[in-house]
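Data first, discussion second: the structure below is written as C-alpha cells.
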Amino acid sequence: MRARLRESASSFRGRTLLVVLSTIFAGLLIAGGLSFAFQAKSASDRANNELDDEIADLRTLSAAGDAEGVPFESLTELLYAAMTADVPGAHESFAAMIDGEIVYVPAGERTVDITHPALLAEIESRRTPDRTVTTDVSYESELMRVAIVPVTVPGDESQGYFIIAYDLGRFYDEVAQGAWIYAGVSLFTLVLVGVLGAGVMARMLRPVHEINEVAGRADANDLSARVAVTGTGDEIDRLGASFNSMLDRVQDGVEEQRRFLSDAGHELKTPLTIIRGNLEVVDETDPADVVETRDLVLDEVDRMSRIVADLSLLAAAGHADFIRIGPESAASIVSEVAAKASSLGPQRFTVATSVDQEMVIDRQRIAQALLQLCRNAVNHTPPESSVVISAAATSSPATHPEAGPAVLFRVADDGPGIPYEEQPHIFDRFRRGSGSGGTEGSGLGLAIVAAIAHAHGGWVDLESRPGHGAAFTIVVPRTPWRTEPAPWHTS
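Its first residue numbered 353, the sequence shown is counted upward by one per residue in the numbering used here.
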C-alpha cells in the first residue's frame, strides 16, 4: 500500500511538472513563432522597399534625362546611365538587358551573381514588356527576389529591361540562425525549469508525501502517527492540520468504540454469570426453587434488555434522525415531566418556569432526558426529599457564554449530593454513583441525557456539593452550538 501511495505521489508530481513544462513550451513556441514570422515579414518588406526604391530611381532618371536634362535618345544611354548612377548594396545587384541580351552588369565581384544561368533562365521566362514583374527565384541554395522592369525610349525600337536582384535568402538565413539560437536557449530553459521545478515540487509536496506515509501506516491498532505541521498557514500546511484533526477524531472514535464494547461486555457479563450460576444449582425437583430461579432469570433478562435498549439509544444518538425538532413550549414540557415524575417515587416534585415563548426542539427527547434526571434523583435521594423541575431563559450560559441565548432545563434536588471525585466521570457510560445502593439501572442514564443535549447543540451542567444536593441543567442554545470534546460540564 505504501508503495502505491508513493507511486501515486510521484505520478502526481510528474503530471504536474509535465503540465508546467508543456505550458512553458507552448508559450515559448508561440512567442518564438510569432517573433520569427514577424522577422521574416520584415525581411520580405525590406526587400520590397529596396526594389521599389530602385524602380523609383530608374523612373525618375528616365523622366529627367541626362546630366544636362536632355532626354535620352537611345535605350543604351538610359540603361548605362541607370547602371552608373547607383551602386548596388551588399545584398543586391543590377543588370541591363536589351533584346534578350545582358549588356551591362556591375563591375567587380558581387555577392549576388545576377548572371547565374538559373537566374537568367527564370528572368527570361518571366519578363514581359508591358509591366514590371517581381518574383522570388530559388536556385541551388540561393533565394533571390527579382524585379524585372521593362524600359523603352521613344524613337528606339529595342526592348530593354532593368533587372534588380535582392538576396532574400541571406536575411532568411539570419532569421533561421536566430531561430536555432532561440531553440537552444528554450531547450536549456526547459531543462533548467524542469530540474528546478522538480526540486521545488518535491519540497512543496513533501507534506503530501508525509500524509501518504502516515495514512499508509495508520490502522486500527496504531493511530498515533501525525503529520508535521510547519505553521506557515498555506494550503499544504492547512491540509496537514486537517489531516491530523481527522486522525484525532478517528482515534477518539476507535478508542471510544473499544471502551464502549468493553463496558457493554462487562455489564452484560454480570447478568449472564448470575443466570448461569443459578441455572447450574437449581433443584429441578423443588418447585419453589424452580419458580425462584425463573423469577431471578427473568429479572436479569429484563436488566439485559434495558442495557441493550439503552445501548441502542446511545448508538442512534449519532444519527441525523435521532431528534425531530419543531416549535415547542418549554413550560409545557416541564409541566408534563413533573406530572409523570410524581409516579416515580415519594419525593416531592415541584415546577418553576420563567419561559413563555416557544423554541425549536425535540419535545419527546427533552422530556425523556428530564424524566431520566428525575429518575436519577429518586434513586439517590431520601423519600422526603424535594425535586424542582424548572425552565428558564438566559442570554449567555455561565459555562459557555459564547453559545448565546439559550433555554435552561433544570432538575435540582436537596439530597446528599455527589462526591467531588465522582463528578468528572458522572456522565460516563455504565457509571453508577456511590449512592446508588441497590437501585436498578444500566448506568447509561446520564450518558443518554448528555447525548440528547448534544444532539440539540447543547450540553449538560452539573452543580453539586456533598450534603447540599445536586442540580443538572440541560442547556439548549437557540442557535445550535457544539462543545468539544464532551457535551457536559461539571462545577
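We treat Cβ as the ideally placed atom computed from N, Cα and C, and that holds for glycine.
Whole-angstrom distance between residue j and residue i, CA atom to CA atom
i           : j           : result
residue 401 : residue 408 : 10 Å
residue 596 : residue 574 : 14 Å
residue 370 : residue 546 : 9 Å
residue 425 : residue 418 : 10 Å
residue 375 : residue 538 : 13 Å
residue 520 : residue 549 : 42 Å
residue 427 : residue 511 : 8 Å
residue 518 : residue 386 : 25 Å
residue 498 : residue 485 : 8 Å
residue 395 : residue 587 : 51 Å
residue 713 : residue 366 : 54 Å
residue 781 : residue 565 : 36 Å
residue 718 : residue 769 : 23 Å
residue 607 : residue 541 : 54 Å
Residue environment, residue i, which counts as buried when at least 16 other CB atoms sit within 10 Å
i           : result
residue 584 : exposed
residue 532 : exposed
residue 382 : exposed
residue 708 : exposed
residue 831 : exposed
residue 762 : buried
residue 779 : buried
residue 657 : exposed
residue 440 : buried
residue 820 : exposed
residue 650 : exposed
residue 529 : exposed
Assigned secondary structure, residue i (DSSP; H/G/I helix, E/B strand, else coil)
i           : result
residue 831 : coil
residue 369 : helix
residue 469 : helix
residue 699 : coil
residue 398 : helix
residue 375 : helix
residue 760 : strand
residue 795 : coil
residue 342 : This structure does not reach residue 342, given that the chain is present from 353 up to 843, and the question cannot be answered.
residue 707 : coil
residue 663 : helix
Chain-order list of residues whose beta-carbon lies under 8 Å from that of residue i (same chain, five-residue window excluded)
i           : result
residue 800 : 662, 665, 666, 669, 720, 721, 724
residue 589 : 559, 581, 582, 583
residue 644 : none
residue 483 : 502
Chain-order list of residues whose beta-carbon lies under 7 Å from that of residue i (same chain, five-residue window excluded)
i           : result
residue 790 : Low per-residue confidence applies at residue 790: pLDDT is 47, beneath 50, and the placement is therefore not dependable, though the value from the model is reported in the following sentence. None.
residue 898 : No information on residue 898 is available, as it lies outside the stretch 353 to 843 that the chain covers here.
residue 445 : 458, 462, 464, 466, 517
residue 526 : none
residue 553 : 365, 368, 369
Residues of its chain near residue i, where Cβ-Cβ distance is below 6 Å and the 5 sequence neighbours each way are ignored
i           : result
residue 764 : 740, 823
residue 701 : 690, 693, 694, 739
residue 321 : There is no way to answer for residue 321, as the model of the chain reaches only from 353 to 843.
residue 522 : 443
residue 635 : 641
residue 474 : 489
Bridge partners - residue i, DSSP secondary structure assignment
i           : result
residue 679 : 712
residue 512 : 450, 503
Cβ-heavy atom distance, residue i to the ligand FMN, below 7 Å
i           : result
residue 599 : By its list of ligands, the structure shown contains no ligand whatsoever, and the ligand FMN lies outside what it can speak to.
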